[in-house]
Every structure is written in C-alpha cells, then in structure tokens.
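Protein chains in written order, with the working numbering: chain W, 1 to 848; chain S, 849 to 1075.
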C-alpha cells in the first residue's frame, strides 16, 4: 500500500504538473519567453565562439601560409637561408614573401599608403588567393604586374590596366584581390594590399632605405617531418631570437586569445540576459504560486503532502524551463548568421555558422538550471499553505518560516557555479559574480527606497499623481523585480552606449586637438631639409622631425637575449614576448618629451649623458623586463651594441597620436648609428591630400600615415564590436520588458478594481490613464537611473582599468538612457493594461 | 483507547482575529462510534466548522486531544496529517472547493491517483455515474451548477471509501430542493459504504436525518449527548 502510494505520489505529481501547466498559460508564456531570450543569447554567442575557434584551428595552416613559418624583420640572417634550404633539400616546398608599407602614386599626383607584399611562384602553399580575373597569382604579378585591393582603385581613381608608381617602379594593375589566405590578423590595416613579384619589389628600391621589411619563409613539409620537429631543427640552426619560427598549430596565439576573450565577454553579456530572465521566472512563479494558494489548500485537504506538491510544481517549472530552453536554442541558432556577419570585419577569416551540439546542450542545462534555481524560493512556499485555509481566510502562516540563509545560499551558490562555468575562468567569473551581486543590491535598494518614499512622502498634487505613486505600493506589485530586471538590461545597453561615447569622444578629441595629421616614416638624413621645405610649401607648416634608430634588445642586466630566454618568457597561450623580440625605434633626447610622466627616477643631466649612455623606459616595458632605475640594458643598434643605465621609468599615453617611444636614450648615445627621421605635421583637413601627394611624388621612399584614416578605421571597428555586444544586450532588455509585463498582469485584477472604483466616483478614463502613466514612468525612471548609474560604473571600469582610456562624463547618452527607459516603460505598461480602461464598472463591481 | 471512530477530549481552540484573541472552542469533548451518523448543529460562529477542521486534521487545537480512527492527530506533522486524510478521511465543503483548473473527472481522480490506483480515470467516471453526472465528467467546475459541483465534490470525497466522511454545511450554498437531493445522495453513499459521517449544519431539518445531534453554542456543547 505505502509503496503503491509512493509510486502514486510520483505519478500524481507528474500528472498534476501537466494539468497545472495547462491551467496557467500566462505564467507558462512568461517563464517560457524569459528563459528563451536568455538561452537564445547564450546559444548564439556560444556557437559563434566555437565557430570562430574551430575555423581558426581548421584554417591554421592557411592563415599561417604553411606548416611552418620563419619570419624575420629587417635583414634576414644568412642562417635562415641555410636552414630553410636544407629543409627544401629534404623535400619541403618553400614560398617566400616580403612585406612592407609604402606609398602608391598615380600619374595625376594622387597618393595612398599601401601594404605591399611580394610573392613568388610557389605562393600560396595552402589555400588560394581569390582574385578577379581568377588566375594564378604568380601569373598576374609577372613582369610589372600588380594585384590590388578594390579600395586602392577607388581611392586613387584607377581601373584595371592602369599604371601606378611604387618607389622607383611603375606597376600595372592586372587584377583585384578579394581574399588573401594569410593576411596578418591585425584589426586595423594601414592601407590596401598591393601584391607584386619579388623582382618588382626590388625595382621599387624601397628595401634599400632600411624600411621595415618583413620577410617570411613558408614551408610545406613532406610526409615524415612533423611541424614541431621542423620547428625545433630551425630553432637550433637560427639563434637570433628576433627571428620568429612558428608551426601552424602554435601560430596566431594573440588572435586565438582575442577570439576567446571576445567569446567570453559576449557570453557573460548573454548570461546577464538569462539572469534577467531568471528574475522574470522568480516573479512569475511567485505570482503563480500566490494564485494557486486555494488549490494547494484544497489538495492538502484531500491528502496531498507538501513534498508531493513541491515535486508537482518543480516538475512543472522544469517542464516550462526545458520548453523555453528549446525555443531559445532555436532562436539563438536563427540569430547566429547575423552575428557571424557582424564579425566579418573583426575576424580575418570566413566563419561558417555551424551549430555546436555541446553549446546547445549547455544552453539547455543553463536554461533549466537557472529556471529551477530562480523558482526555488517561491516554490518552497507550497509548505506555507495550510489546509485550514479552505475553512477560513485568516489562517496564520505555516511552519515554514523564511530562513533566508538556508534558501538564498544554495541559490547564490548555484548561480555562481553557472557564472563560473560560463566564464571559464575563476577571476573573470568571480568579478562577474561580484559585479552582479553589487548591481542586484543597488537595484533592490533603489526599489525599496522608492516604495519607502511613496509611502513616506505626503500625498499632494493631482489625483492622477497621487494614485500613480500609490500604485507603487500595491501588494504583489513586484516593484523590486521589475526594477532589477529592467535596470540590468538598461545597464548593459547603456554601458555599450557610454563606451562608444567615451571612445568616440576620445577619437574625436584626437581629431580636433593638436594631433598631427600625418606621421612620415623613413625620411632619410639627406632628405631632411628638402622634405621640410616640401611640407612647408604644400601645407604651410614646418614638420617636427625626430631622429630614430632601429634596434633590438640585446641583453638585460648583462644576460643576453637568446632564443632560450624568449621561449621561457612566452605567454600562457604561446604569445611572443613582445618586449624581447620587437624591433625598437630608439631616439635620444636631452629632456623628457611633453606628455610623458616620470614614475621613478629622474632625467639625466648633461654631465651624466656625456659620461655614458643612459636610458628612460616606458613603464610596461620596465615591468616586463623586470628592470628598474640603476639596472643596465643593452640594445643591438644594427650591429653596434649600446649598453645603457636605466635612469627613469615613464608613463606614456599611447592613445595620444604623437610620436612615443618605449626607450629614450641620453643625447649622444646613438651618434654614428644609421639614423632615420620620423616627422609629424598638422595641416588643415582640406589640404591633407595635397601635402601627402606632394611628399609622395617628391620622396617615393617616405611613407605617410594619415592619422584621420586610421582613426576612421578604428571608429568603424568599434562600431562593429558595439553592434555585436548590443545585439546580445538587447536580449536582456527584452527579458526585462517581459518581466515588467508579467508584473503588471500579476496585479491586473487589483488595477481593474481600483480603476473601476475611481471611475464610479467620477474620474474620467483620462485620469485613470494618467495615474497608470505616473506609475509606469516612476518604475521606468528608477530602473533608468539605477541602470544608468551601474552602466557608468561599468564603463568606468572598462575604460580606466581595461582600456587605459579616461572616462568622460557623457551627459547626452546618460539622459537619453533614462528618458528612453521611461518612454518604453510607459509604452509597454499601457500595452499590458490599456484594455482595463475600457471595462464597464458595474460587472466588475458585481463580481467583487 | 476508545473503540470509537472519533474521540475528542477537552478541546480548546483560540484564534487571533484582528488582533483580538477569540475562543472558538472552549473545552469540547465527545465521541462518535464507528458507522454512526452525527450532526453538529448550532448558529453561525458557534465553532462547528472549526471543530470539523480539527477532526479532519486541517488545524491543531490550542489544547486538548483529537483521536480519529485510533490515531492521535496531535502527534502527526503536517505531511503525516495529509497522508492520514488521503487514506482515511473524505471531506465535503459548503463551497465545494473543486479545483477550478481541473475537469470534474480529474477532480474525482485526485485521491485515487494519490493512492496509486491504476485505473483512476475509469473509477472516477463510474463514481460520477453514481452521483448522476456520468455525461459531464469533462466539464470544468465553472460549467457546472452548484448542485452538480457538490455532487462532484461528494464523488471525490467517497472515491477511496474512507472510514470517515466529514461534511461542512454541504447544502449551505444550494436551494432547498437541490440541497435535499444532495443530502439524500450523501446519506445513501455513506450507508452503502458503511462509513462514519460527521455532518456540520445549522439546518434542523437536515440534522434530523442523523442518528444523533451535538449542539454547539459559543464554543461549548449545550445539550446533553444522548447515549
């Protein structure tokens, strides 16, 4: 009997769960939509992230251009050629490319900064260069042929078949390149691509000027030689640490990390949507359970015990959560193509929008678990209901007294575990949990404060105003839930807007302040005076020129920088230790440059400078190299070793578009080294093109980087990223509005009764509508203010701590955020309740 | 241990209503033998329904003992009381208390399903037939008249043939003709199953159907209980 009864209870719970689901379609719809929106965001982001990583892994060889790459800047050491040739003898296919930045010029005097790449007949070893006409790239660049990006034709007004000059060479446009498999994955390109042959590049004469040339040897290995093995052989043969040797499976560590982080942050934004949905679930379940109280009391009278009832409603909630999650998976999958399209500019390869079964499973688990966790507290209320309620209304509450710690703790722990799972990192997950709790506490306090104010403030003013404010205290009105849910959504969207505003303002500021219009690179010593004259004639200003010397780091505190040291200092993901291997632009100066701030140490005196070389280091460089004032570091200045004592560490504002240096040496230290000049000039935008064209036609070797172009490209990129984030954040606003609608419907009966009483007493529908409007506007205002305040904090953290960019007070987006929240709240509120206004009073009063 | 079905001793029930303590039952003691049909009468507010609630284990007395079917209800917790009702007690209320979101047949099925009865639906349909509603099983409570709803509630209460049937003003919301029909049905169902019936009513005509009456006034039994 008891075993039969136990099985009976389980079956009964399932049957009742289904019947209760059938009974509360409004509740079902609310929970379903809340869960679906959150899961959709998570699944879309998760799939995107997996797609990016899988494409990266699959395209690794194509993106590297070979199984193994050997990359050198400046002059390639002979050891490289020897090592590569011995592998070629062993059966490896080899392709060689050289890349540099130069100025393309037209006969009409136009000029444009371009990224030049010389290729040989073997290129590319993997993948293909897509071009119009579709011919082998080696054939197209034969003779004086060049294959260029469409952008170049548009900017210079050229057509296929036209000629243009590059350095000392004249080239003919033979085709347009649409896809290049191994284009380096830098987010912002300096200019359009120009593909030429090695012979053409030599003819330009640009190599001779010591420009920054990147030479790459790409290898396709025969069967029997593993990439790691070849990499080890090459590394042993080439001891120069500045030569990068990478196998395809360890290439692009920076891009890999960027994509992982992009996926992680977008995932957390998605998780916020699901948590906002969780607030909706909790609110809806609470309302539903309150409505089911009489039913629960009757069931208890009929002999249903609390565990069976709890099981009934848990099963019901899980059922709806699962349905919502499935809808979310479908929705998220449908959204994926749009997100993939949004990443087109950010990611250097074509992503196929595949759907990952693991991501879907994870979305389902997340959806159901969050639903159950958020519903737990209201569901436990079944124990509160006493069967005696069927006999009389004023029954004392049940024995289940609220034990917040016992209930809140498991819920908090459960949600935290999910956040950590989503973040995939203790640190980021921890920050996310802390920030979420802080946001929750702030919004709940705000909500409480508003209800308290509504109660405490004397009621004055028009009837509509008094009733609207009074509405905030309506029992079961879920003011806190609405404000938390709406506020969280507002926070995300507003934070994106504020970040855009701050970064945009920063870019704008750079455009307007004393930012140079141009950086001119590779001005030779003998060109200095003529160069200054040309710029003055064309632009009316004298360029500021700074001497620079290219160098590499040779030793830190007398320890030579070797390949072994470089390998030891690789990042966790295998990133190159940038500060050890990069090519430095050194300059010398008798005084600290404007805008640089000394953190430790002091500038050298003339006497100190003449005694022996001294150096001032940028703070991040000093930190990475672990050197401080008094230590010695050595540079290899094109064969000449310079040992310098560190005398100061500087803070440099890298976001300012001026000439900045990692290392500045004392005056005289670089005398005799092959010096080139970097120049900056600021001219009115209208004559920028004239100045650039004049310099380009007169000095073919000088490269002009137009700051305006770079800023515009950065700004476009920011717009793309903002779009991706905003798309995901929109889901949380959607969930927030669903929560609001659910809350308004929860108090529908009371609202109807109040409005009918008011109208019976002579209030017009307009007055009642105004009272509603006041209430919704108050909700919107509080959620808007709270969300905007949180968004400001979030934006501040991201800007100041992550992007190292000053936070700017942006009053317009702030005000717009609050105003938009109020408008949307009032609109959605009316959408949910306008029908109440049309009801005839008498039938309603009779029912009561 | 008393051999009867209901054994109530010195029961006192105080409730707080509007901040005031009201003594609803003030030292009530009585017994009901198995198979007996007893009516509890008295004006409204005399504590009749509260007494019935205590016998059903819906509430606990402030002091005193309630034994039903040899079980001391005071020793059971809320869930044990629920299971006790499920297995041994059927209750009919004045306002029917059908679950509005379930059809008539589903309402009757609840106790059967709880007991793990496999053919719950078939048995519920037979029970509805028995109370004359065979054709209306798929209707929701709002689609039924008051009398019909009370018939469903009766079918639900007797579905597991409980040893004790409690009825709280079962005709209170019905017109006299329908009420009479319900009472006839209630007594017939009780007789057929040989169960004990405790009937709360303020209607003397209805009370007259019982084997004996217990009269309450202001929380006390005011007439001697005939042996």
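Where is the CB? At the ideal position from N, CA and C, for every residue including glycine.
Here the structure is a predicted model, which means the values were calculated and not measured.
Counted as a single uninterrupted DSSP element, the stretch harbouring residue 986 of chain S is not any alpha helix (DSSP H), since DSSP gives it neither H nor E. Residue 944 of chain S sits in coil when the DSSP states are folded into three classes, being neither helix nor strand. A Cβ-Cβ separation of about 5 Å places residue 71 of chain W in contact with residue 216 of chain W under the 8 Å criterion. Two segments are said to touch when three or more pairs of C-beta atoms, one from each, lie closer than 8 Å; by this definition the region 460-476 of chain W touches the region 771-779 of chain W. Not a single C-beta of chain S is nearer than 7 Å to the C-beta of residue 843 of chain W. Residue 954 of chain S reaches chain W at 19, counting residues in chain order whose Cβ is nearer than 8 Å. A direct Cα-to-Cα measurement between residue 750 of chain W and residue 769 of chain W gives close to 15 Å. For residue 961 of chain S, the chain W residues whose C-beta falls within less than 7 Å of its own C-beta are 8, 11, 12, 15, listed in chain order.
For the pair of segments examined, the region 702-709 of chain W was found to touch the region 105-118 of chain W: the number of CB pairs separated by less than 8 Å reaches three.
Taking the Cα of residue 66 of chain W as reference, the smallest distance to any Cα among W:122, W:53, W:190, W:296 is reached at W:122. Residue contact with chain S for residue 301 of chain W: present (Cβ-Cβ distance below 7 Å to some residue of chain S). Around residue 534 of chain W, the same chain offers 694, 695, 698 as residues with beta carbons nearer than 7 Å, after the five sequence neighbours per side are excluded. For residue 354 of chain W, same chain residues with a beta-carbon under 7 Å away, outside a window of 5 residues either side, are 51 in chain order.
Assignment of beta-bridge partners to residue 123 of chain W by DSSP yields no partner. Residue 351 of chain W sits away from residue 365 of chain W, with the two beta carbons spaced by 7 Å or more.
W:292 is the residue among W:292, W:326, W:330, W:323 whose C-alpha sits nearest the C-alpha of residue 312 of chain W. The DSSP-derived three-state label of residue 912 of chain S is strand. With a 10 Å radius around the Cβ and a threshold of 16 neighbouring Cβ atoms, residue 117 of chain W comes out buried. Per the DSSP secondary-structure output, residue 261 of chain W pairs with nothing in a beta bridge. For residue 380 of chain W, the nearest beta carbon of chain S is not closer than 7 Å to its own beta carbon. When secondary structure is reduced to three states using DSSP, residue 1069 of chain S falls in the strand class. The criterion of a C-beta distance shorter than 7 Å is satisfied by residue 595 of chain W and residue 653 of chain W. With a contact defined as Cβ atoms closer than 8 Å, residue 729 of chain W and residue 484 of chain W miss out at about 16 Å. The Cβ-Cβ distance between residue 231 of chain W and residue 68 of chain W falls below 7 Å.
Looking at W:631, W:429, W:436, W:673, the one whose alpha-carbon comes closest to that of residue 524 of chain W is W:673. Residue range 25-58 is occupied by the alpha helix (DSSP H) that includes residue 27 of chain W. Between residue 1033 of chain S and residue 956 of chain S, the beta carbon gap of about 14 Å keeps them out of contact (Cβ cut-off 8 Å). Check the Cα spacing between residue 899 of chain S and each of W:392, W:737, W:710: the tightest is with W:392.
Bounds of the alpha helix (DSSP H) holding residue 784 of chain W are 765-796. For a cut-off of 8 Å, the C-beta gap from residue 580 of chain W to residue 241 of chain W is around 7 Å, short enough to register as a contact. Take the alpha-carbon of residue 305 of chain W and the one of residue 762 of chain W: they are about 49 Å apart. Rounded to whole angstroms, residue 412 of chain W and residue 719 of chain W show a C-alpha spacing of 35 Å. DSSP places residue 197 of chain W within a strand segment (E or B) once states are collapsed to three. Residue burial is scored here from C-beta neighbours: residue 161 of chain W has fewer than 16 other C-beta atoms within 10 angstroms and is therefore classed as exposed. Within its own chain, the residues whose Cβ lies closer than 7 Å to the Cβ of residue 722 of chain W, once the five positions on either side in sequence are excluded, are 496, 500, listed in chain order.
Here residue 148 of chain W is buried: its Cβ has 16 or more other Cβ atoms, across all protein chains shown, within 10 Å.
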